[in-house]
Amino acid sequence: MTRSFADPGPGRPEPIAGRCLHSGAARGAVLHLDEPLSFWGGTDHSGRIIDQHHPQCGESVAGVVLVMRSGRGSSSSSYVLAEQLRVGTGPAAIVMSEPDAIVTLGTIVAAELYERAVPVVMVAPDDLHALRTGALAAIDATPDGAVITVATPPRPDGQR
Amino acid sequence: MTAPASTDASSGVDDDRLVLSSVEQEMLAGRRGPGVAMAMRVVTSLATVRGAQRLVEVQSAHIDGCLYHGQAGLDFATRLHALGARVTVPTTLNVGSLDLLHPGLVREQTDHEREVAQNGRALMDAYVALGARPTWTCAPYQLAARPAFGEHVAWAESNAIAFCNSVLGARTDRYGDFLDICAAITGRAPFAGLHTDAARAGEVLVDCTAIPTRVLGLDLTAPLLGYLVGSRVGTRNPVLLGLPTATTEDQLKAFGAAAASSGGVAMFHVVGVTPEAPTVEAALGGSPPRETIALTSDDLVAARRELSTATDSRLDVVSVGTPHASVDEIAALARLLEGGRPVAPHVDFYLSTGRSVLAEAERLGFLDILTRSGVRVVVDTCTYVTSVLRPGARTVMTNSGKWAHYAPGNLGVEVVMASLPECVESARAGRVVIDDAQLR
């Protein structure tokens with residue numbers, strides 16, 4: 252995958268405002284999932300997506316700004332996400348357009364047990380689409396609100 | 452640029468602020484001990500995410516966090532215990548990673564299996580140390596005490612949640628690992644989701660009147676219907692029309708487990724059968740359905756084919772009892788097995804159930820019939836969540852839509868979805884014997 256972190260591109264996009272589901276600050280490369288992901292059964296211990304039916308099967312969530320509409324499926328996903336955050340193979344931040352309690356719970360537990368402040372932010376669906384795979388995003392989420400700053404604008408070739 | 456975006460149109464959460472009672476504030480401030488404070492931080496954090504304006508007192512809890520998925524779960528339970536927390540409401544435990552009554556049944560050959568055995572046992576012990584009852588069943592509604600109609604509870608495990616809401620008419624939202632034990636410790640859950648009247652109304656009408664009554668009465672039909680409905684409605688609440696008034700709790704259990712697996716169904720209505728569905732109108736909460744789905748016998752046959760991934764008649768294992776078998780289901784299996792041919796030597800036949808149901812089955816003489824017929828009984832855990840099947844097993848027949856949905860991914864096996872009589876017939880024949888004509 253070609254990533255152009257250094258190139259800010261023409262015109263810096265406006266920061267995206269969101270609702271803070273879990274506080275924290277992080278930056279990383281965006282991985283935008285086309286379908287919701289179940290961490291339980293859908294990812295392995297190393298953060299790789301192993302759900303054969305998922306369009307991004309084979310990609311890794313480790314260290315990325317994970318962008319998806321919501322989580323999916325089993326409530327054991329909280330546990331699997333907390334475990335990934337414990338061993339350092341979980342996402343750096345999560346951005347969704349739905350207030351997914353199961354995903355957020357995994358980050359709450361990681362914060363309680365391991366002092367890992369992984370931000371979880373809810374944004375409007377249109378803003379979610381603006382976060383393309385490969386862009387570098389910085390996230391700052393506090394109970395008062397959340398801001399996502401994108402360093403790289405959407406790619407002209409339409410790729411996410 | 453710090454104002455939160457107004458993106459949650461459904462609840463207008465931006466104006467909502469969680470308001471706690473004085474007792475709840477004391478818990479959060481640590482005046483009931485640091486363990487209670489930790490549990491309350493988790494409950495209130497989730498309440499904020501869910502847009503709840505208050506918490507609700509729960510009368511009981513059912514915990515799913517006792518199945519081992521890694522060190523984090525063990526760290527969480529032992530931290531709560533070390534901080535002095537203890538459950539304050541009657542609390543039951545879902546399956547763990549081990550069968551504590553039948554040592555050696557869960558395999559410990561690989562490094563991973565040994566880790567699961569050792570830490571899985573420690574995790575089960577940790578939840579008992581927190582004051583939960585060692586029930587180890589995914590069917591807590593088959594225990595002697597169960598929630599009353601209208602009672603608020605905090606239950607985890609998707610099939611138990613669906614049964615609790617739909618069949619018992621008690622109220623729980625979709626809880627899971629971590630939140631379950633925190634609700635048991637604080638006696639509180641976010642007042643949101645299926646605790647509220649608005650979220651319990653039916654949304655999608657599922658018309659089953661084109662399916663013959665005889666077919667609707669079959670045990671095989673319930674998990675197939677559940678699979679179909681879950682696939683179509685996702686997380687919305689379905690209202691089933693046309694099911695016989697004689698539909699049993701075991702059939703509702705099989706339906707709910709499948710619907711919660713293929714979709715995310717946590718509440719369903721069966722008109723004339725479940726307690727919040729005396730009529731279609733009542734089940735829909737007085738509103739027209741957002742969508743109507745009509746199902747036929749052809750759909751049932753197609754559902755069985757979709758759930759069945761095996762391509763030939765080879766058979767290695769039969770696994771029944773997901774969710775954990777009831778006494779009635781064990782009696783039905785014993786009747787089918789008694790006096791007949793033995794199970795083929797190369798077929799392993801497993802029945803999963805809870806230890807309290809097993810004790811009752813033993814008292815009634817059913818266990819003796821099962822073991823004489825070669826059935827291996829699994830308690831405290833389940834054949835698809837831990838390492839029970841022999842390593843070379845390729846094709847497994849099950850009567851459970853939930854097992855059929857998850858096992859190919861969890862275990863890497865091929866599955867055949869079948870009725871209980873087909874399971875017994877196939878186990879005796881040593882190969883897959885099924886007949887779709889019964890569904891027409």
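These protein sequences, in sequence, are chains A and B.
Going by our numbering, the first sequence opens with residue 252, and the numbers climb by one from there.
Going by our numbering, the second sequence opens with residue 452, and the numbers climb by one from there.
By construction, the Cβ of each residue, glycine as well, lies at the ideal position given by its N, Cα and C atoms.
Being a predicted model, the structure only gives us computed values, none of them experimental.
Subject >> Where the alpha helix (DSSP H) containing Pro-485 of chain B begins and where it ends >> reply: It spans 485–500 - the alpha helix (DSSP H) in which Pro-485 of chain B sits, taken as one unbroken run.
**OP:** Scan the segment 382–397 of chain A for residues whose Cβ lies nearer than 9 Å to a Cβ of chain B and list them as they occur along the chain.
**Re:** Those residues of the segment 382–397 of chain A placed with their C-beta closer than 9 Å to a C-beta in chain B are Thr-393, Pro-394, Asp-395, Gly-396, Ala-397, ordered along the chain.
Original post:
Whose C-beta lies closer than 6 Å to the C-beta of Ala-705 of chain B among residues of the same chain, with five residues either side of it excluded?
Top reply: Closer than 6 Å at Cβ, skipping near neighbours: Ala-673, Pro-674.
Subject >> Contact with chain A by Gln-522 of chain B, beta-carbon distance below 8 Å >> reply: Interface residue, yes.
Original post:
Do you know whose CA, among B:Glu-873, B:Gly-715, B:Ala-711, B:Thr-846, lies nearest Asp-763 of chain B's CA?
Top reply: Checked all of B:Glu-873, B:Gly-715, B:Ala-711, B:Thr-846; the closest Cα to Asp-763 of chain B is B:Thr-846.
Original post:
Mind checking if Arg-492 of chain B is an interface residue toward chain A, Cβ cutoff 8 Å exclusive?
Top reply: Yes, Arg-492 of chain B lies at the interface with chain A (some Cβ there is under 8 Å from its Cβ).
Original post:
Should Leu-497 of chain B and Leu-645 of chain B be called a contact, given that it needs their Cβ atoms to be closer than 8 Å?
Top reply: The criterion of a C-beta distance shorter than 8 Å is not satisfied by Leu-497 of chain B and Leu-645 of chain B.
Original post:
Whose C-alpha, out of A:Ala-381, A:Asp-378, A:Pro-370, is nearest the C-alpha of Gly-341 of chain A?
Top reply: Nearest option by C-alpha distance: A:Pro-370.
Original post:
Val-771 of chain B and Leu-787 of chain B: beta carbons closer than 8 Å?
Top reply: A distance of 8 Å or more separates the beta carbons of Val-771 of chain B and Leu-787 of chain B.
Original post:
Would you report the Cα separation of Arg-337 of chain A and Gly-322 of chain A, rounded to the nearest angstrom?
Top reply: Going by the C-alpha atoms only, they are around 19 Å apart.
Original post:
Roughly how many whole angstroms lie between the Cα atoms of Ala-388 of chain A and Val-316 of chain A?
Top reply: Computed Cα separation, rounded: 7 Å.
Original post:
Which residue from B:Phe-527, B:Thr-586, B:Gly-521, B:His-563 puts its Cα closest to that of Asp-831 of chain B?
Top reply: Nearest C-alpha to Asp-831 of chain B: B:Thr-586.
Original post:
What is the DSSP secondary structure of Pro-376 of chain A, counted as helix, strand or coil?
Top reply: For Pro-376 of chain A, the three-state secondary structure derived from DSSP is helix.
**OP:** List the residues of chain A that Gly-516 of chain B touches, going by C-beta distances under 8 Å, in chain order.
**Re:** Within chain A, the residues whose beta carbon sits less than 8 Å from that of Gly-516 of chain B are Tyr-330, listed in sequence order.
**OP:** Give the single residue among B:Val-716, B:Ser-851, B:Thr-623, B:Pro-859 whose Cα lies nearest to the Cα of Glu-780 of chain B.
**Re:** Looking at the Cα atoms, B:Ser-851 is the closest of the given residues.
Subject >> Contiguous beta strand (DSSP E) assignments of at least 3 residues, all confined to the segment 811–888 of chain B >> reply: Whole beta strand (DSSP E) segments, 3+ residues: 826–830, 846–849, 865–868.
Original post:
Is it true that the CB of Leu-890 of chain B sits closer than 8 Å to the CB of Val-768 of chain B?
Top reply: Here Val-768 of chain B is not near Leu-890 of chain B, since their CB atoms are 8 Å or more apart.
Original post:
Does Ser-311 of chain A have its Cβ less than 8 Å from a Cβ in chain B?
Top reply: Not flagged as an interface residue toward chain B: Ser-311 of chain A, since no C-beta distance is shorter than 8 Å.
Subject >> Three-way DSSP call (helix, strand, coil) for Ile-300 of chain A in this model >> reply: Three-state result, Ile-300 of chain A: strand.
Original post:
Any C-beta of chain A sitting closer than 8 Å to the C-beta of Val-500 of chain B?
Top reply: So, interface residue.
**OP:** Kindly list the residues whose CB is nearer than 6 Å to the CB of Leu-551 of chain B, restricted to its own chain and excluding five residues on each side of it in sequence; keep chain order.
**Re:** If we look at Leu-551 of chain B and ignore the five residues flanking it on each side, its Cβ neighbours are Asp-831.
Original post:
Taking the C-alpha atoms as reference points, what is the distance between Asp-819 of chain B and His-797 of chain B?
Top reply: Approximately 21 Å between the Cα atoms of the pair.
Subject >> Helix, strand or coil at Gly-260 of chain A according to DSSP, with G and I counted as helix >> reply: Bear in mind that the predicted position of Gly-260 of chain A carries a pLDDT of just 47, short of 50, making it unreliable; the figure below should be weighed with that in mind. In the structure shown, Gly-260 of chain A sits in coil (DSSP, three-state: anything other than H, G, I, E or B).
Subject >> DSSP bridge partner residues for Phe-800 of chain B (one or two, in chain order) >> reply: Note: Phe-800 of chain B sits in a beta bridge opposite B:Val-769, B:Val-826.
Original post:
For the putative contact between Val-657 of chain B and Leu-758 of chain B, defined by C-beta atoms under 8 Å, what is the C-beta separation to the nearest angstrom?
Top reply: The distance from the Cβ of Val-657 of chain B to that of Leu-758 of chain B is about 18 Å, inconsistent with a contact at the 8 Å cut-off.
Original post:
Does Gly-707 of chain B get closer than 8 Å to chain A when you measure Cβ to Cβ?
Top reply: No, no contact with chain A.
Original post:
Cβ of Phe-527 of chain B within 7 Å of any heavy atom in the ligand FAD?
Top reply: This structure lacks the ligand FAD; in fact it carries no ligand of any kind.
Subject >> Bridge partner(s) assigned by DSSP for Trp-606 of chain B >> reply: Partner(s): B:His-513.
Original post:
Mind listing which residues of the segment 474–492 of chain B have their C-beta closer than 8 Å to chain A's C-betas, in chain order?
Top reply: Result list: Met-489, Arg-492.
**OP:** Could you confirm whether any beta carbon from chain B is found closer than 8 Å to the beta carbon of Ala-352 of chain A?
**Re:** Proximity of Ala-352 of chain A to chain B, defined by a Cβ-Cβ separation below 8 Å, is satisfied.
Original post:
Given a threshold of 16 other Cβ atoms within 10 Å of its Cβ, counted over all protein chains shown, does Val-839 of chain B qualify as buried or as exposed?
Top reply: When all chains shown are included, Val-839 of chain B counts as buried.
Subject >> Length at least 4, wholly inside the segment 268–300 of chain A: the alpha helix (DSSP H) runs in chain order >> reply: Entirely contained in the segment 268–300 of chain A, the alpha helix (DSSP H) runs reaching 4 residues are, in chain order, 290–293.
**OP:** Examine the Cβ distances between the segment 663–682 of chain B and the segment 539–554 of chain B and report whether three or more of them are shorter than 8 Å.
**Re:** At 8 Å Cβ cutoff, the stretches do not touch.
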